[in-house]
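Residue numbers (our numbering), protein chains in the order written: chain P, 83 to 246; chain G, 83 to 246. Below is one structure, written out as structure tokens; comments come after it.
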């Protein structure tokens, strides 16, 4: 069993490392979108370091679950040789869908930083539109921190009308 | 683009094929549990035929998202050469967690048959215990059918205390 990753940042705002990772993810998402791909990118950080950053890979993998967050967490788990990513931060260009939010919790991640918020984007990015992130937060068996809308203005054009 | 799979069964109860697949999945889950593994098994059916049946593979893959349902849907997508599994039925020994339920919807699956219900099992199998399947059903942007508690008495001992 590897050592724990250490606690996540306690900052009530994104750290410099988290903001820098989000900016890189947005640049990568824009590059993917420009070549006709699904322009959503996620990263896993630990100790201020990016462990993995990955784009959505549903089409490439032929697997409907391979959203950017799922792929980035799988890559981080492989890099760190553990499925328990407690202490890490999940950073993503778009608020995680319900699948990815639950996957984050299965990985033990309790800190989430993202750009575009559900209420600012096309509804196609979510499956249970009647539930908000606040609803999930209230229903969670264990708490987590979510910091949304960070750098949103730098990426919202990709998701506002669902044309990324 | 492959042809559509055709509509799912409209039966208000599980079909014979669905019940048979669930019985096979329960037997496989029990066999996995007896060897110390995570005894949860899921299957994808189409046209009354089992396209894929898979156990949880989180430990084997080192990927925290590789629940039985995720793996079975990925295998079905590969077998059918499509990520859109609309028309298929998802069959599973345990009510899908929030991740797997959303993954089912991303795959376009609108018919779910499962054995052990959330209210009958240990809470560890869910991340957002304050939300029920009825809440997700009410919040879904597109409808789906869920038939739970089928053959529950044949498998509940695995999940009642979370010791499967």
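In this text, a Cβ means the ideal position worked out from N, Cα and C, and glycines have one as well.
{"Asked": "DSSP-derived helix/strand/coil call for residue 196/G", "Found": "strand"}
{"Asked": "Beta-carbon proximity of residue 104/P to residue 227/P, cut-off 8 Å", "Found": "no"}
{"Asked": "Terminal residues of the alpha helix (DSSP H) in which residue 108/G lies", "Found": "98-116"}
{"Asked": "Entirely enclosed beta strand (DSSP E) segments - the region 133-211 of chain P, minimum 3 residues", "Found": "171-176 and 193-198"}
{"Asked": "When 110/G, 207/G, 208/G and 199/G are compared against residue 235/G, the one with the closest alpha-carbon", "Found": "199/G"}
{"Asked": "Cβ-based neighbour list, residue 177/G, same chain, cut-off 7 Å, excluding 5 preceding and 5 following", "Found": "196, 198, 199, 200, 215 and 230"}
{"Asked": "Where the alpha helix (DSSP H) containing residue 87/G begins and where it ends", "Found": "Run containing residue 87/G: none; DSSP gives neither H nor E here."}
{"Asked": "Residue interval of the beta strand (DSSP E) (run including residue 229/G)", "Found": "227-229"}
{"Asked": "Contact residues within the region 208-219 of chain P, judged by C-beta distance below 8 Å to chain G", "Found": "208, 209, 210, 211, 212, 213, 217 and 218"}
{"Asked": "Residue 97/P vs residue 91/P beta-carbon contact at 8 Å", "Found": "yes"}
{"Asked": "C-beta atoms of residue 156/G and residue 145/P nearer than 8 Å", "Found": "yes"}
{"Asked": "In DSSP terms, what residue 131/G is bridged to", "Found": "128/G"}
{"Asked": "Cut-off 7 Å between Cβ atoms - residues of its own chain near residue 237/P, not counting five sequence neighbours on either side", "Found": "108, 111, 175, 197 and 198"}
{"Asked": "Rounded separation between residue 179/G and residue 152/P - CA only", "Found": "15 Å"}
{"Asked": "Residue 123/G CB to nearest heavy atom of the ligand MG below 7 Å", "Found": "Among the components of this structure there are no ligands whatsoever, and the ligand MG is therefore not found."}
{"Asked": "Three CB pairs or more closer than 8 Å across the region 110-125 of chain G and the region 134-144 of chain G", "Found": "yes"}
{"Asked": "Inter-residue spacing [alpha-carbon to alpha-carbon] between residue 173/G and residue 101/G", "Found": "9 Å"}
{"Asked": "Environment of residue 95/P [buried if 16+ CB atoms lie within 10 Å]", "Found": "exposed"}
{"Asked": "Contact under 8 Å by Cβ, residue 147/G with residue 188/P", "Found": "yes"}
{"Asked": "Proximal chain G residues relative to residue 187/P, where beta-carbon distance stays under 9 Å", "Found": "180, 181, 209 and 210"}
{"Asked": "Span separating the alpha-carbon of residue 163/G from that of residue 143/P", "Found": "11 Å"}
{"Asked": "Proximity to residue 233/P [Cα-Cα], best of 202/P, 159/P and 225/P", "Found": "202/P"}
{"Asked": "Through-space distance from residue 218/G to residue 209/P, alpha-carbon basis", "Found": "9 Å"}
{"Asked": "Span of the alpha helix (DSSP H) around residue 240/G", "Found": "238-241"}
{"Asked": "Burial state of residue 193/G, where buried means 16 or more other Cβ atoms lie within 10 Å", "Found": "buried"}
{"Asked": "C-beta neighbour in chain G for residue 152/P, strict 8 Å", "Found": "yes"}
{"Asked": "C-beta neighbour in chain G for residue 89/P, strict 8 Å", "Found": "no"}
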